[in-house]
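2 protein chains.
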Amino acid sequence: MSGMTIGVDIGGTKVAAGLVDAAGRITHKSRVPMVSTGDGAAGLSCVESAIQAIFAEVPTARAAVTGIGICAPGPLDPTTGVILNPPNVQCWRDYPLAAEVERIFAVPARVDNDANAACLAEARWGAGAGYRNVFFAILGTGIGTGIVFEGKIYHGRTGSAAEGGHVTIDYQGPRCGCGKHGCIEAYASGPNIARRTRERLSSGEPSAILQLAGSVDAVRTEHVGEAFRAGDPLATQILTETSHLLTIWLGTIVDILEPDVMVIGGGVAELMSSFFPAMSAGLKEWAINQRAGEIPLVLARYGSDAGIAGAAALCA
Amino acid sequence: MSGMTIGVDIGGTKVAAGLVDAAGRITHKSRVPMVSTGDGAAGLSCVESAIQAIFAEVPTARAAVTGIGICAPGPLDPTTGVILNPPNVQCWRDYPLAAEVERIFAVPARVDNDANAACLAEARWGAGAGYRNVFFAILGTGIGTGIVFEGKIYHGRTGSAAEGGHVTIDYQGPRCGCGKHGCIEAYASGPNIARRTRERLSSGEPSAILQLAGSVDAVRTEHVGEAFRAGDPLATQILTETSHLLTIWLGTIVDILEPDVMVIGGGVAELMSSFFPAMSAGLKEWAINQRAGEIPLVLARYGSDAGIAGAAALCA
């Protein structure tokens, strides 16, 4: 056993950790609750427990692990490994998480946000492997993105680059949770696909979605997906429209970055993957780059383990 | 005399060349007509004449020049120095311009597009000097952009990255010359500012612009600028609206790239520069990045000589 890293994925309510080998395989996992209030040490002890659980299960890993990477809620400073002031993890305010983890485990530790880290995992081990410049998007509750240039995460001036979910595709469009208008997230995140579906159902359009969900208010993206797979016309319309909006957005990404590959992950990505060929073809209309359609548009390797794999990639 | 480069700026109707010193000062210039039809050698001889005119004026430059950079109409391949198939320069089809210039003058030659090259000149010698990551936009007949990361032009997969003028800010907006809808160029290029002004005048709004231009059809951006400086309400409205649309666009740029500086050049930039402080402040609303307003938004050093300086920077 050699060249192993540990990836730690911290959320508001849980800490997941994984042991990851040199090929990006997650060989063991642990999960503990996250304490996000109180003092900084309370949150740190959760991280420590998740890592210790791995070592308890795989005692030989202790000596084989060469680094610990951590996906943490932002804002954070990836250069110093300091967590600044995350709204969902109130126990950490200007908290030197990387330094604390290094102190406890005596191996190098790195911290980054989840989409940046997941992009690095895809670039190194996943659907972006072998490409120089990788654009990654995770379509889920929100839309997070990451950019890897020549094997390194692109951070920008303060670590806040690659917030591609907040690209405005219609400045007169619906207000996004971030305060801007017409962000792609305001149309194509899971909750916003569900919102758009509820609006259509409320206007009286018939659909199997209503039977699946029980009521308009109960409609979630999963119901749209299930109805789509059964051929429901409204679900098909909603997802086709979503694919069109995502194409417009990717046109902007291509015209700015012209990446070598575009990797799409997250629960909504799986739902949308049957539209990827149409989206690639549609870039002819929505990118000035006439070779945009040549850029592979592919599903991510890592699904719900993207945070663990991404965190591990930070130190691999 | 040492460390001099020659910058050559090729347009559809003229070739301009300049001798540029190590501090980015253009010490001598030449200009000859461009022959854009016929065979490749016809176009090449124009480039050669423009360069020879510099050497004729400054004989000592011949030995002091260490490289020749060329801004040429795209599409082109900056890696190989081959001009592919520019619509406005029909004499060059897959033409190895850099290699031909190297053969004639026996110094290294490089080729790139004008906005990329101008970005490099600003990053090296101009308003972007001292910053790591530079975003540059030239607002003129169109909107061209360039990106320099750590001293190098970012080209993307095939050299077609940094087409920021074709970022869509409203996918239901006016059709751009490129075929996409709602590109920032479709609102904020010189001709589109004039178009928006003509539309307002046609609907009967009173303005001094009409007296300055003589007729609605004759309105150009210069008239809007002149009326704005004289306090004309419609001109002020048009330019304020333009600044708002540019702010929305820069919000997207910041949320993707988070550059260290944003440098704006071109004729429209001078017109808009009094709005730069308001645009910086407006980024609070149009970028998710809460520190977007800290990013300097500055006028370019190079005006109409941006092509010459940019070309020279390619080899400096």
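Protein chains in written order, with the working numbering: chain A, 1 to 316; chain B, 317 to 632. Virtual Cβ for every residue (Gly too), placed ideally from N, Cα, C.
Does the Cβ of residue i have 16 or more other Cβ atoms within 10 Å, making it buried, or fewer, making it exposed?
{"i": "residue 118 of chain A", "result": "buried"}
{"i": "residue 152 of chain A", "result": "exposed"}
{"i": "residue 257 of chain B", "result": "Because chain B spans 317 through 632 in this model, residue 257 of chain B falls outside it and cannot be assessed."}
{"i": "residue 355 of chain B", "result": "exposed"}
{"i": "residue 330 of chain B", "result": "exposed"}
{"i": "residue 24 of chain A", "result": "buried"}
{"i": "residue 515 of chain B", "result": "exposed"}
{"i": "residue 33 of chain A", "result": "exposed"}
{"i": "residue 353 of chain B", "result": "exposed"}
{"i": "residue 277 of chain A", "result": "exposed"}
{"i": "residue 375 of chain B", "result": "exposed"}
{"i": "residue 373 of chain B", "result": "exposed"}
{"i": "residue 534 of chain B", "result": "exposed"}
{"i": "residue 316 of chain A", "result": "buried"}
{"i": "residue 207 of chain A", "result": "buried"}
Under a three-way DSSP split, which group does residue i fall into?
{"i": "residue 167 of chain A", "result": "coil"}
{"i": "residue 439 of chain B", "result": "helix"}
{"i": "residue 112 of chain A", "result": "strand"}
{"i": "residue 615 of chain B", "result": "strand"}
{"i": "residue 503 of chain B", "result": "helix"}
{"i": "residue 83 of chain A", "result": "strand"}
{"i": "residue 473 of chain B", "result": "coil"}
{"i": "residue 193 of chain A", "result": "helix"}
{"i": "residue 141 of chain A", "result": "coil"}
{"i": "residue 314 of chain A", "result": "coil"}
{"i": "residue 514 of chain B", "result": "helix"}
{"i": "residue 301 of chain B", "result": "What is shown of chain B runs 317 to 632, which leaves residue 301 of chain B out entirely."}
{"i": "residue 625 of chain B", "result": "helix"}
{"i": "residue 478 of chain B", "result": "coil"}
{"i": "residue 417 of chain B", "result": "helix"}
{"i": "residue 434 of chain B", "result": "helix"}
Name the DSSP bridge partner or partners of residue i?
{"i": "residue 146 of chain A", "result": "A:136"}
{"i": "residue 335 of chain B", "result": "B:322, B:344"}
{"i": "residue 468 of chain B", "result": "B:465"}
{"i": "residue 497 of chain B", "result": "B:491"}
{"i": "residue 569 of chain B", "result": "None, per the DSSP bridge assignment."}
{"i": "residue 330 of chain B", "result": "B:349"}
{"i": "residue 95 of chain A", "result": "A:83"}
To the nearest angstrom, report how far apart residue i and residue j are at their CA atoms.
{"i": "residue 216 of chain A", "j": "residue 279 of chain A", "result": "29 Å"}
{"i": "residue 475 of chain B", "j": "residue 232 of chain A", "result": "43 Å"}
{"i": "residue 302 of chain A", "j": "residue 459 of chain B", "result": "38 Å"}
{"i": "residue 243 of chain A", "j": "residue 410 of chain B", "result": "36 Å"}
{"i": "residue 87 of chain A", "j": "residue 506 of chain B", "result": "43 Å"}
{"i": "residue 73 of chain A", "j": "residue 430 of chain B", "result": "41 Å"}
{"i": "residue 499 of chain B", "j": "residue 491 of chain B", "result": "8 Å"}
{"i": "residue 638 of chain B", "j": "residue 314 of chain A", "result": "The structure shown does not extend to residue 638 of chain B, since chain B is modelled only from 317 through 632, so no value can be given for it."}
{"i": "residue 294 of chain A", "j": "residue 150 of chain A", "result": "19 Å"}
{"i": "residue 441 of chain B", "j": "residue 63 of chain A", "result": "51 Å"}
{"i": "residue 579 of chain B", "j": "residue 450 of chain B", "result": "7 Å"}
{"i": "residue 83 of chain A", "j": "residue 90 of chain A", "result": "10 Å"}
{"i": "residue 192 of chain A", "j": "residue 266 of chain A", "result": "15 Å"}
{"i": "residue 577 of chain B", "j": "residue 590 of chain B", "result": "18 Å"}
{"i": "residue 163 of chain A", "j": "residue 572 of chain B", "result": "5 Å"}
{"i": "residue 445 of chain B", "j": "residue 439 of chain B", "result": "5 Å"}
{"i": "residue 342 of chain B", "j": "residue 421 of chain B", "result": "20 Å"}
{"i": "residue 77 of chain A", "j": "residue 111 of chain A", "result": "8 Å"}
{"i": "residue 521 of chain B", "j": "residue 252 of chain A", "result": "35 Å"}
{"i": "residue 4 of chain A", "j": "residue 20 of chain A", "result": "6 Å"}
{"i": "residue 525 of chain B", "j": "residue 457 of chain B", "result": "20 Å"}
{"i": "residue 249 of chain A", "j": "residue 462 of chain B", "result": "20 Å"}
{"i": "residue 220 of chain A", "j": "residue 197 of chain A", "result": "9 Å"}
{"i": "residue 44 of chain A", "j": "residue 98 of chain A", "result": "10 Å"}
{"i": "residue 510 of chain B", "j": "residue 517 of chain B", "result": "10 Å"}
{"i": "residue 79 of chain A", "j": "residue 454 of chain B", "result": "32 Å"}
{"i": "residue 368 of chain B", "j": "residue 432 of chain B", "result": "25 Å"}
{"i": "residue 544 of chain B", "j": "residue 530 of chain B", "result": "17 Å"}
{"i": "residue 358 of chain B", "j": "residue 328 of chain B", "result": "13 Å"}
{"i": "residue 22 of chain A", "j": "residue 96 of chain A", "result": "27 Å"}
Completely contained alpha helix (DSSP H) runs for the region 30-79 of chain A, where each covers 4 or more residues: 40-57, 61-64
Ordered list of beta strand (DSSP E) runs contained in the region 573-597 of chain B, each at least 3 residues: 577-581
Whole alpha helix (DSSP H) elements within the region 200-243 of chain A, 4-residue minimum: 208-213, 221-229
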